[in-house]
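Asks: Oh and the sequence shown: position 35 is 50 in our numbering, straight run, nothing missing.
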Amino acid sequence: MLTGKNVSKWWYLLLVASCLHLFFINVKDSHDWGDDFAQYIHQAENISKGILQTETGYIYNKDYALYSPPLYFTGFPLVLAPVYAIAGNNMLAFSYLISAFLFFSALIFFRFFISYFKPVTSCLLVLIIVCNPWMLDYKMEIGSDIPFTFFLFLSILFYLNSKKSVRAFILLGMLAGFLISIRSIGVAFALAVVVNELLKIKQETASNKKKQTGLLIIIFLVVCAAFFVLLNNVIFNIPLLNLQSSASLFTFNDLYKTILKNCNYYFDIFQTLFSTPPENIYALFSTLIKSSALSLLLLGFYLRIKRGMEFIDFLFIFYMLVLYVYPYSASGYRFLIPVTPILLLLVAEGLYFLMTAFQWKKNILYGLCIISFYTVYKYDWEIILGKQNYILQ
Numbered sequence: 016m017l018t019g020k021n022v023s024k025w026w027y028l029l030l031v032a033s034c035l036h037l038f039f040i041n042v043k044d045s046h047d048w049g050d051d052f053a054q055y056i057h058q059a060e061n062i063s064k065g066i067l068q069t070e071t072g073y074i075y076n077k078d079y080a081l082y083s084p085p086l087y088f089t090g091f092p093l094v095l096a097p098v099y100a101i102a103g104n105n106m107l108a109f110s111y112l113i114s115a116f117l118f119f120s121a122l123i124f125f126r127f128f129i130s131y132f133k134p135v136t137s138c139l140l141v142l143i144i145v146c147n148p149w150m151l152d153y154k155m156e157i158g159s160d161i162p163f164t165f166f167l168f169l170s171i172l173f174y175l176n177s178k179k180s181v182r183a184f185i186l187l188g189m190l191a192g193f194l195i196s197i198r199s200i201g202v203a204f205a206l207a208v209v210v211n212e213l214l215k216i217k218q219e220t221a222s223n224k225k226k227q228t229g230l231l232i233i234i235f236l237v238v239c240a241a242f243f244v245l246l247n248n249v250i251f252n253i254p255l256l257n258l259q260s261s262a263s264l265f266t267f268n269d270l271y272k273t274i275l276k277n278c279n280y281y282f283d284i285f286q287t288l289f290s291t292p293p294e295n296i297y298a299l300f301s302t303l304i305k306s307s308a309l310s311l312l313l314l315g316f317y318l319r320i321k322r323g324m325e326f327i328d329f330l331f332i333f334y335m336l337v338l339y340v341y342p343y344s345a346s347g348y349r350f351l352i353p354v355t356p357i358l359l360l361l362v363a364e365g366l367y368f369l370m371t372a373f374q375w376k377k378n379i380l381y382g383l384c385i386i387s388f389y390t391v392y393k394y395d396w397e398i399i400l401g402k403q404n405y406i407l408q
């Protein structure tokens, strides 16, 4: 369970200095073709100009709902709207916004990791995320994944560190409703909160405590649903067709095949976080890191389940279950961005277990990890920096 831990402000200053590169690398005034970003920005434009969300010109094909919903829920367009109102249809401004979300996510990730590990380990884990070539390359996309990740971990920290009061659960319900408005998979967070609180009821002996926790669950669910409806139906009228479109994706035809395919897919995709092109002469390090990371992840997950499940484990399981039953699996790593800190938490816990069992020297291991990651990533960093001034098609 996350616990408060006093950390010197110098660690935060060091992290801030280490993450400033996010505002200078791959900040673009152009965008690739894609498709999602255009719909998000158009909806943000409509919000800033007081135009109906439905007025985007997109012709929805109900026979191919997997391609794109009629509209996106208003969470991410609402985040983009102030930038559009100030700077207009300015890709550079949107690019800085995504970089800012990743920058502040790094600080939240550090607060998350510091509850489990020492500052040096926490810093290294954060830098693996924000200095990763894949992440540096992807952050130029105007997509909802990075902002969703920021709000998800903000919600996690708020839930695990706030007092269990009516006021706190009202705010938590609003955060959950907003999360689901950014990406519908935010429902995994809501489910994890409910299950975690239900277990507390089961463990509680005093009847008044059971009733209080039950009341908090009801308040959380009601506020979450009400805030979602307020954003997506009352303030901004998203047609019911949008919900029908999202629900229709989960057909559950050949469910076993879908789950099996997605399990294999996301095992492979997780390892791309440590990949490098084969022409990199140090690609062997990448192969070793990928294999080790996957093995340590599975070990860390086993150890956490054996020790006793907690909120973070419920969230991770519910999130991955949604991905496993979701028929679309061609998005690459981006669907794993919101749980990357949890994935690295599992890897680190597996590694710590082995370090204790075999009495490995921590300082030597830290040094080897830093050298290995630098060796693998240096080639990709040079490619990214070499394309800084390229105009995307």
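Here a beta-carbon is modelled for each residue, glycine too, at the ideal position from N, C-alpha and C.
1) Going straight from the alpha carbon of residue 350 to that of residue 252, what length do you get?
2) Using a Cβ-Cβ cutoff of less than 6 Å, which residues in the same chain neighbour residue 128 once the five nearest sequence positions on both sides are dropped?
3) Could you say which of 56, 186, 227 and 164 lies nearest to residue 240 if we only look at CA atoms?
4) How far does the alpha helix (DSSP H) with residue 231 in it reach, from first residue to last?
5) Between the Cα of residue 277 and those of 246, 248 and 346, spot the shortest distance and give me the residue it belongs to.
6) Quick one: Cα of residue 191 to Cα of residue 167, how far?
7) Let me know if residue 182 comes out buried or exposed under the rule of 16 or more other beta-carbons within 10 Å of its beta-carbon.
8) Looking only at its chain, what residues have a beta carbon closer than 6 Å to the beta carbon of residue 72, apart from the 5 residues adjacent to it on each side?
9) Compute the beta-carbon to beta-carbon distance between residue 203 and residue 333, rounded to the nearest angstrom, for a pair I have assumed lies under 8 Å.
10) Please go through the same chain and pick out, in chain order, the residues whose beta-carbon is closer than 8 Å to the beta-carbon of residue 68, but skip the five residues on each side of it.
11) Could you pull out every residue in the same chain whose Cβ sits closer than 6 Å to the Cβ of residue 200, ignoring the five residues on either side in sequence?
12) Starting from the C-beta of residue 237, find all residues in its chain whose C-beta is less than 8 Å away, skip the five residues before and the five after it, and write them out in chain order.
13) Considering residue 313, what are the terminal residues of the alpha helix (DSSP H) in which it resides?
14) How would you label residue 292, buried or exposed, when you count the other beta carbons within 10 angstroms and need 16 or more for buried?
15) In angstroms, rounded to a whole number, what distance separates the CA positions of residue 340 and residue 331?
16) For the candidate residues 366, 64, 272 and 171, whose alpha-carbon lies nearest to that of residue 206?
17) Return helix, strand or coil for residue 395, following the three-state DSSP convention.
18) In whole angstroms, give me the CA-to-CA distance for residue 169 and residue 31.
19) Could you pull the start and end residues of the alpha helix (DSSP H) that residue 60 belongs to?
20) By alpha-carbon positions, which one of 46, 210, 25 and 298 ends up nearest to residue 324?
21) If you draw a straight line from the alpha carbon of residue 297 to that of residue 28, how long is it in whole angstroms?
22) Alpha carbon to alpha carbon, how far is residue 280 from residue 304? Give it in angstroms, no decimals.
23) Given residue 319, which residues of its chain have a CB within under 6 Å of its CB, disregarding the five upstream and five downstream residues?
24) Cβ atoms of residue 52 and residue 156: under 8 Å apart, would you say?
25) Roughly how many whole angstroms lie between the Cα atoms of residue 152 and residue 225?
26) Any idea what DSSP makes of residue 17, helix, strand or coil?
27) For residue 44, count neighbouring Cβ atoms within 10 angstroms of its own Cβ and tell me buried if that reaches 16, exposed if not.
28) Would you tell me roughly how many angstroms separate the C-alpha atoms of residue 126 and residue 316, rounded to the nearest one?
29) For residue 290, name the three-state secondary structure that DSSP assigns.
30) So is residue 97 buried or exposed if we call it buried at 16+ other beta carbons inside 10 Å?
31) Please look up how many angstroms separate the CB atoms of residue 363 and residue 132, rounded, as I've assumed it's under 8 Å.
32) Compare the C-alpha of residue 95 against each of 354, 271, 115 and 255 and name the closest.
33) Counting only beta-carbon atoms, is residue 357 nearer than 8 Å to chain D?
34) Could you give the residue range of the alpha helix (DSSP H) that holds residue 204?
35) I need the straight-line Cα distance from residue 215 to residue 373, nearest angstrom please.
36) Below 8 Å CB to CB, which residues in the same chain sit around residue 219 once its five sequence neighbours on both sides are set aside?
Replies: This is what the structure holds:
1) Indexing the sequence shown from 1 puts residue 350 at position 335. Indexing the sequence shown from 1 puts residue 252 at position 237. Residue 252 has its alpha-carbon roughly 27 Å from the corresponding atom of residue 350.
2) Taking the sequence shown and counting its residues from 1, the one referred to as residue 128 is at position 113. Within the same chain, residue 128 has close Cβ partners 137 and 140.
3) As a first step, residue 240 must be located in the sequence shown, where it is residue number 225. Residue 186 is the option with its Cα nearest to residue 240.
4) Locating residue 231 in the sequence shown gives position 216, counting from the first residue. Annotation: the continuous alpha helix (DSSP H) that includes residue 231 extends over 222-244.
5) Residue 277 sits at position 262 when you count from the first residue of the sequence shown. Selection 246, 248 and 346 evaluated against residue 277 yields 346 as nearest (Cα-Cα).
6) Here residue 191 is taken as the residue at index 176 of the sequence shown, counted from 1. Here residue 167 is taken as the residue at index 152 of the sequence shown, counted from 1. Rounded to the nearest angstrom, the two C-alpha atoms are 8 Å apart.
7) As a first step, residue 182 must be located in the sequence shown, where it is residue number 167. Around the beta carbon of residue 182, a 10 Å sphere encloses fewer than 16 other beta carbons of the protein chains shown; the residue is thus reported as exposed.
8) For the purposes of this step, residue 72 is identified with residue 57 of the sequence shown, where counting begins at 1. Excluding residues up to 5 positions away in sequence, nothing lies with its Cβ nearer than 6 Å to the Cβ of residue 72 in the same chain.
9) One-based indexing of the sequence shown puts residue 203 at position 188. One-based indexing of the sequence shown puts residue 333 at position 318. Yes, they are in contact, since the Cβ atoms of residue 203 and residue 333 sit about 4 Å apart, within 8 Å.
10) If you number the sequence shown from 1, residue 68 lands on position 53. Excluding sequence neighbours, residue 68 sits near 58, 61, 62, 86, 89, 92, 251, 252 and 253.
11) Residue numbering aside, residue 200 sits at position 185 when the sequence shown is read from its first letter. Once the five neighbours on either side are set aside, the close Cβ partners of residue 200 are 337.
12) The sequence position of residue 237 within the sequence shown is 222, counting from 1. By the criterion of a C-beta distance shorter than 8 Å, residue 237 is surrounded in its chain by 188, once the five residues flanking it on both sides are discounted.
13) Position 298 of the sequence shown holds residue 313. Unbroken alpha helix (DSSP H) run through residue 313: 298-322.
14) The residue you call residue 292 lines up with position 277 of the sequence shown. With fewer than 16 other Cβ atoms within 10 Å, it is exposed.
15) Locating residue 340 in the sequence shown gives position 325, counting from the first residue. Locating residue 331 in the sequence shown gives position 316, counting from the first residue. Going by the C-alpha atoms only, they are around 15 Å apart.
16) Taking the first residue of the sequence shown as 1, we reach residue 206 at position 191. With distances taken between Cα atoms, residue 206 lies closest to 171.
17) The residue labelled residue 395 in the question sits at position 380 within the sequence shown. In this structure, residue 395 counts as helix in the three-state DSSP scheme.
18) Within the sequence shown, the letter at position 154 stands for residue 169. Within the sequence shown, the letter at position 16 stands for residue 31. Distance from the CA of residue 169 to the CA of residue 31, rounded to the nearest whole angstrom, comes to 18 Å.
19) As a position in the sequence shown, residue 60 is number 45, starting the count at 1. In this chain, the alpha helix (DSSP H) harbouring residue 60 covers 51-64.
20) What you label residue 324 is simply residue 309 of the sequence shown in a count that begins at 1. For residue 324, the nearest C-alpha among the options comes from 210.
21) What you label residue 297 is simply residue 282 of the sequence shown in a count that begins at 1. What you label residue 28 is simply residue 13 of the sequence shown in a count that begins at 1. Taking the straight line from one Cα to the other gives about 32 Å.
22) Counting from 1 along the sequence shown, the entry for residue 304 is found at position 289. Counting from 1 along the sequence shown, the entry for residue 280 is found at position 265. Annotation: residue 304 to residue 280 spans about 18 Å, alpha carbon to alpha carbon.
23) To locate residue 319, count along the sequence shown from 1; it is residue 304. If we look at residue 319 and ignore the five residues flanking it on each side, its Cβ neighbours are 328.
24) The residue given as residue 156 occupies position 141 in the sequence shown. The residue given as residue 52 occupies position 37 in the sequence shown. In contact: residue 156 and residue 52 (Cβ atoms closer than 8 Å).
25) Position 137 of the sequence shown holds residue 152. Position 210 of the sequence shown holds residue 225. Cα to Cα, residue 152 sits roughly 48 Å from residue 225.
26) On the sequence shown, position 2 is the one that residue 17 refers to. No answer about residue 17 holds up, because its pLDDT of 48 lies below 50 and its placement is not dependable.
27) Position 29 of the sequence shown holds residue 44. Its Cβ having fewer than 16 others within 10 Å, residue 44 is exposed.
28) Mapped onto the sequence shown, residue 126 falls at position 111. Mapped onto the sequence shown, residue 316 falls at position 301. When the Cα atoms are used, residue 126 and residue 316 turn out to be separated by approximately 21 Å.
29) Position 275 of the sequence shown, counted from the start, is the residue given in the question as residue 290. Coil at residue 290, not helix or strand.
30) Here residue 97 is taken as the residue at index 82 of the sequence shown, counted from 1. Exposed is the call here.
31) Counted from its first residue, the sequence shown places residue 363 at position 348. Counted from its first residue, the sequence shown places residue 132 at position 117. The beta carbons of residue 363 and residue 132 sit about 6 Å from each other, so the pair counts as a contact at 8 Å.
32) On the sequence shown, residue 95 is found 80 positions in, with the first residue counted as 1. For residue 95, the closest of 354, 271, 115 and 255 by C-alpha to C-alpha distance is 115.
33) Absence of chain D from the displayed structure is noted, only one protein chain being present.
34) Here residue 204 is taken as the residue at index 189 of the sequence shown, counted from 1. Segment 202-218, the alpha helix (DSSP H) holding residue 204.
35) If you number the sequence shown from 1, residue 215 lands on position 200. If you number the sequence shown from 1, residue 373 lands on position 358. So the two alpha carbons sit approximately 36 Å from each other.
36) Taking the first residue of the sequence shown as 1, we reach residue 219 at position 204. Excluding residues up to 5 positions away in sequence, 225 and 228 lie with their Cβ nearer than 8 Å to the Cβ of residue 219 in the same chain.
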